[in-house]
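Q:
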Amino acid sequence: MSQPSPADFLVVAMARQIPNGATVATGLLSWLPMLAIAVAKATHAPELTYLNCSGAINPARLSGQSLPPSSTDVTLLKNNPYCLRLTDLWEFAARGRIDVMFFGFAQLDRNGNTNLSLLQGSNGPSRKLPGVAGAYALRQLVKNPVLFSARHSPSSFVRRVDTVTTVAASNPVLLVTELGVFRLLGGALHVVSLHPPGSINEVKAKTGFPVRRPPRLRYTSQLSRRERLALDKFDPRKIRDRHVNL
Amino acid sequence: MSRICSLREAVATIRSGSTVTFGGFQSNRAPMALIRELIRQKKKRLHLLLLPNPLALDFLVGAGAVRFAEVAFAGLELEHRSLVPPNWQAAVARPPRRGIGWRERDAIYLVEALRAAALGAPFLPLPIPPGSAPQSDVAGVRDPFRGCVVPVVRALEPEVALIHAQAADRQGNVWIDDPVTDELVTRASRSVLVTTEEIVPRLRHATLPSVLVDYVVHSPGGAWPTACAGYYGEDDRHIGEYVAMVRAGRFREYLRRYVATAECARHLVQ
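Protein chains in written order, with the numbering used here: chain A, 8 to 253; chain B, 1173 to 1442.
(1) Residues in the segment 112-136 of chain A with C-beta within 9 Å of chain B's C-beta atoms, listed in sequence order?
(2) For A:T79 and A:E234, what's the separation of their Cα atoms in angstroms?
(3) Which value, in whole angstroms, describes the spacing of the CA atoms of A:S9 and A:P243?
(4) Quick one: grab the DSSP three-state call for B:S1382.
(5) Quick one: which chain A residues come within Cβ less than 7 Å of B:R1409?
(6) Let me check understanding here. Comparing Cα to Cα, which of B:L1220, B:S1363 and B:I1348 lies closest to B:L1375?
(7) At a CB-CB cut-off below 8 Å, which residues of chain A make contact with B:R1277?
(8) Where do the N-terminal and C-terminal ends of the alpha helix (DSSP H) with A:V81 fall, by residue?
(9) Provide the residue span of the beta strand (DSSP E) that contains A:F106, from first to last.
(10) Using a beta-carbon distance below 9 Å, is B:G1292 in contact with chain A?
(11) Below 9 Å between beta carbons: does that hold for A:R158 and A:P152?
(12) With DSSP as the reference, please indicate the residues paired to B:P1323 in a beta bridge.
(13) Quick check on the DSSP output: what are the complete alpha helix (DSSP H) runs of length 4 or more inside the segment 1210-1290 of chain B, in order along the chain?
(14) Starting from B:T1411 and walking both ways along the beta strand (DSSP E), at which residues does that stretch end?
(15) If we require 4 or more residues per run, which alpha helix (DSSP H) segments fall completely within the segment 156-231 of chain A?
(16) Can you give the beta carbon distance from B:N1259 to B:D1350, rounded, assuming they're within the 8 Å contact cut?
(17) What does A:S285 touch in chain B if you count any residue whose Cβ is under 8 Å from its own?
(18) Do you know how far the Cα of B:T1367 is from the Cα of A:T227?
(19) Suppose you measure from the CA of A:A22 to the CA of A:V31; what does that come to, to the nearest Å?
(20) So with CB distances below 7 Å, who are the chain A contacts of B:D1350?
(21) For A:Q147, return the contacting residues in chain B, with the cut-off set at a CB-CB distance below 9 Å.
(22) What number of angstroms, rounded off, separates the C-alpha of B:G1195 from the C-alpha of B:L1282?
(23) Do B:V1233 and B:A1263 count as a contact pair if the criterion is CB distance below 9 Å?
(24) Can you tell me which of B:R1239, B:I1300, B:A1360 and B:L1286 puts its alpha carbon nearest to the alpha carbon of A:G103?
(25) List the whole-angstrom C-beta distance separating A:F109 from A:F164, where the pair is believed to meet the contact cut-off of C-beta under 8 Å.
(26) Using a threshold of 9 Å, state whether the C-beta atoms of B:P1392 and B:E1369 are closer than that.
(27) Taking a cut of 8 Å between CB atoms, which residues from the segment 1351-1376 of chain B lie near chain A?
(28) For the segment 1309-1322 of chain B against the segment 1178-1187 of chain B, do three or more pairs of beta-carbon atoms, one drawn from each stretch, fall closer than 8 Å, so that the two count as touching?
(29) Does the Cβ of B:F1245 have 16 or more other Cβ atoms within 10 Å, making it buried, or fewer, making it exposed?
(30) Grab the span of the alpha helix (DSSP H) containing A:I246 for me, first residue to last.
(31) Should A:C60 be labelled buried (16 or more other beta-carbon atoms within 10 Å of its own) or exposed?
(32) Using C-beta distances below 6 Å, list every residue in its chain close to B:H1410, excluding the 5 sequence neighbours before and after it, in chain order.
(33) Should B:E1435 be labelled buried (16 or more other beta-carbon atoms within 10 Å of its own) or exposed?
(34) Would you list the residues sitting across from A:K135 in a DSSP beta bridge?
(35) With DSSP as the reference, please indicate the residues paired to B:C1400 in a beta bridge.
(36) Tell me which residues share the same chain as B:E1251 and place their Cβ nearer than 8 Å to its Cβ, disregarding the 5 neighbours each side in the sequence.
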């Protein structure tokens, strides 16, 4: 069996953040989180409840076949007993009904601010990003916000974000990337576990702010057979690999 | 009391300069037939209040119909790539005097501003901490019961809501299978225009009551090239072609080919 790819570890490490029985939500442009949720449900968390912002709850489309091409694909709404309203996400979150939500970003800084809005060119023109959607408020409201990135690089992990779109709601901030699992605390990135065969030097080289290693470096535990099978079932074409360092 | 009429008649009730909002969500049930008709009727200076609806935004911005856009999100997920729609990307890169005005903030502000309008209330408090929001027209007021400061957002009442639905009946009641945003924008807006896949004699269940619906237009395929649950999926190939044409500076050609007459998109549906 081949060595798992960085994307395999990213998705599985995200999936492992979801306890069995939890309610987990995804927003827009959330194909990797959707895959992680499908993997969690097929392995350690069969009783999770999944809220998809396109209106679907526990979409039937997520069991037993490969995922649709977009995280808001209309086929997710098939056989959907209740269509979520946009307002439901904030209401449920404000009332403590959403346990976990994954948040992506174009830039993250040492204070846990993220940029989803606008990249300033150093000399050239700025570049518009898709935008905040609901991430500012939901990051404040859900119980366990989890940041994720498939591009752990100095241009994404910066000293100061160009635009502050969302701010840290919890301390520490939990972060999963293709290199490892981290906590952001006191202006530094603390390693929780590195995805094998990663090195601390690689993380340091790819992070634009301080990185702290624990006295004993831990590695993310290897993918179980069920996790591998779930990845291949939901993403047989390994689209996840294309998300890493796009 | 709602009335069944043609696309042309319904859109003719919209003034240039109106504040417009949309039903549907992302690539599901965007009211594209209404948007193509807005472009054909050369409506200008529109002020858009936009819950995530990237194609609606991009068509109108490209056609020069927009003066100001309030957005939370404008991104497409196409063939596993996320992209900012091309007319919008170009418009926000232009200097403000030559481009359009725009503001981006969390959708919660627009949602609560629309909810306030729906309630007929002047403002509504938000369930998030005050002060840290990266935007301007939210005030803090003292909670008269607990004494702490809470952020409030002012009501925003759109003049027009544009909606595409699965079905309507002859009385003007409307059925929407996936009403993620549609009830909210209907209740908040002064005038509600609905296109629908089907018109039936009488619905057994309705999502929008006729009392809130002003015009109903029979328009099969009215969400194309976005999806309409239960009828057709998103036409990724066409959206890909659209993006490629706009990026190549051929948006005018796109309009001639797919927007110029109400019939020119019809044969492509399904």
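C-beta atoms are modelled at their ideal positions from N, C-alpha and C, and glycine is treated no differently.
A: Short version:
(1) L123, S124, L125, P132, S133, R134, K135 and L136
(2) As a first step, residue 79 of chain A must be located in the first sequence, where it is residue number 72. As a first step, residue 234 of chain A must be located in the first sequence, where it is residue number 227. Rounded to the nearest angstrom, the two C-alpha atoms are 24 Å apart.
(3) As a working mapping, residue 9 of chain A is identified with position 2 in the first sequence. As a working mapping, residue 243 of chain A is identified with position 236 in the first sequence. Taking the straight line joining both Cα atoms gives about 15 Å.
(4) Position 210 of the second sequence, counted from the first residue, corresponds to residue 1382 of chain B. B:S1382 falls in the helix class under three-state DSSP.
(5) Numbered from 1 along the second sequence, position 237 holds the residue referred to as residue 1409 of chain B. Simply none; closest approach about 12 Å.
(6) For the purposes of this step, residue 1375 of chain B is identified with residue 203 of the second sequence, where counting begins at 1. The residue from B:L1220, B:S1363 and B:I1348 with its alpha-carbon nearest to that of B:L1375 is B:I1348.
(7) If you number the second sequence from 1, residue 1277 of chain B lands on position 105. Chain A residues near B:R1277: V139 and Y143.
(8) In the first sequence, counting from the first residue as 1, residue 81 of chain A sits at position 74. Unbroken run through A:V81: none, as it is neither H nor E.
(9) Looking up residue 106 of chain A in the first sequence gives position 99. One point to set straight first is that residue 106 of chain A is Asp, not Phe, in the sequence displayed. No beta strand (DSSP E) holds A:D106; DSSP gives it neither H nor E.
(10) Along the second sequence, read from residue 1 onward, the residue named residue 1292 of chain B stands at position 120. Chain A contact via Cβ: absent.
(11) Here residue 158 of chain A refers to the residue found at position 151 when the first sequence is read from its first residue. Here residue 152 of chain A refers to the residue found at position 145 when the first sequence is read from its first residue. Not closer than 9 Å, so no.
(12) Here residue 1323 of chain B refers to the residue found at position 151 when the second sequence is read from its first residue. Answer is B:G1312.
(13) 1226-1234 and 1258-1265
(14) As a first step, residue 1411 of chain B is located in the second sequence; it is residue number 239 there, counting from the start. The residue asked about is misnamed: residue 1411 of chain B is Ile in this sequence, not Thr. For B:I1411, no beta strand (DSSP E) encloses it; the enclosing alpha helix (DSSP H) starts and ends at D1408 to R1419.
(15) 207-212
(16) Mapped onto the second sequence, residue 1259 of chain B falls at position 87. Mapped onto the second sequence, residue 1350 of chain B falls at position 178. Their Cβ separation, rounded to whole angstroms, is 26 Å, which puts B:N1259 and B:D1350 out of contact at 8 Å.
(17) Chain A is shown only over 8 to 253; residue 285 of chain A falls outside these bounds and no answer can be derived.
(18) Here residue 227 of chain A is taken as the residue at index 220 of the first sequence, counted from 1. Here residue 1367 of chain B is taken as the residue at index 195 of the second sequence, counted from 1. Taking the straight line joining both Cα atoms gives about 52 Å.
(19) Looking up residue 22 of chain A in the first sequence gives position 15. Looking up residue 31 of chain A in the first sequence gives position 24. Their backbone Cα atoms lie some 10 Å apart in a straight line.
(20) In the second sequence, counting from the first residue as 1, residue 1350 of chain B sits at position 178. Those are G62, L84 and C90, listed as they occur along chain A.
(21) As a working mapping, residue 147 of chain A is identified with position 140 in the first sequence. Those are P1299, I1300, P1301 and S1304, listed as they occur along chain B.
(22) Along the second sequence, read from residue 1 onward, the residue named residue 1195 of chain B stands at position 23. Along the second sequence, read from residue 1 onward, the residue named residue 1282 of chain B stands at position 110. Rounded to whole angstroms, B:G1195 to B:L1282 spans 14 Å at the Cα level.
(23) Position 91 of the second sequence, counting from 1, holds the residue named residue 1263 of chain B. Position 61 of the second sequence, counting from 1, holds the residue named residue 1233 of chain B. Yes, the Cβ-Cβ distance between B:A1263 and B:V1233 is below 9 Å.
(24) As a first step, residue 103 of chain A must be located in the first sequence, where it is residue number 96. With respect to the C-alpha of A:G103, the residue from B:R1239, B:I1300, B:A1360 and B:L1286 having the closest C-alpha is B:I1300.
(25) The residue given as residue 109 of chain A occupies position 102 in the first sequence. The residue given as residue 164 of chain A occupies position 157 in the first sequence. Contact between A:F109 and A:F164 does not hold, since the beta-carbon distance rounds to 17 Å and is not under 8 Å.
(26) As a working note, residue 1392 of chain B is residue 220 in the second sequence. As a working note, residue 1369 of chain B is residue 197 in the second sequence. For B:P1392 and B:E1369, yes; Cβs fall inside 9 Å.
(27) P1351, V1352, T1353, E1355 and L1356
(28) no
(29) Here residue 1245 of chain B refers to the residue found at position 73 of the second sequence. Buried, since its Cβ has 16 or more Cβ neighbours within 10 Å.
(30) Residue 246 of chain A sits at position 239 when you count from the first residue of the first sequence. Counting along the chain, the alpha helix (DSSP H) containing A:I246 begins and ends at I246 to H250.
(31) In the first sequence, counting from the first residue as 1, residue 60 of chain A sits at position 53. By the neighbour-count rule (16 or more Cβ atoms within 10 Å), A:C60 is buried.
(32) Against the second sequence, residue 1410 of chain B aligns to sequence position 238. For B:H1410, same chain residues with a beta-carbon under 6 Å away, outside a window of 5 residues either side, are P1397 in chain order.
(33) For this step, residue 1435 of chain B is matched to residue 263 along the second sequence. So B:E1435 ends up on the exposed side.
(34) In the first sequence, residue 135 of chain A corresponds to position 128, counting from 1. Its beta-bridge partners are A:L125.
(35) Residue numbering aside, residue 1400 of chain B sits at position 228 when the second sequence is read from its first letter. DSSP lists B:Y1404 as partners of B:C1400.
(36) Position 79 of the second sequence, counting from 1, holds the residue named residue 1251 of chain B. Excluding sequence neighbours, B:E1251 sits near D1408 and G1412.
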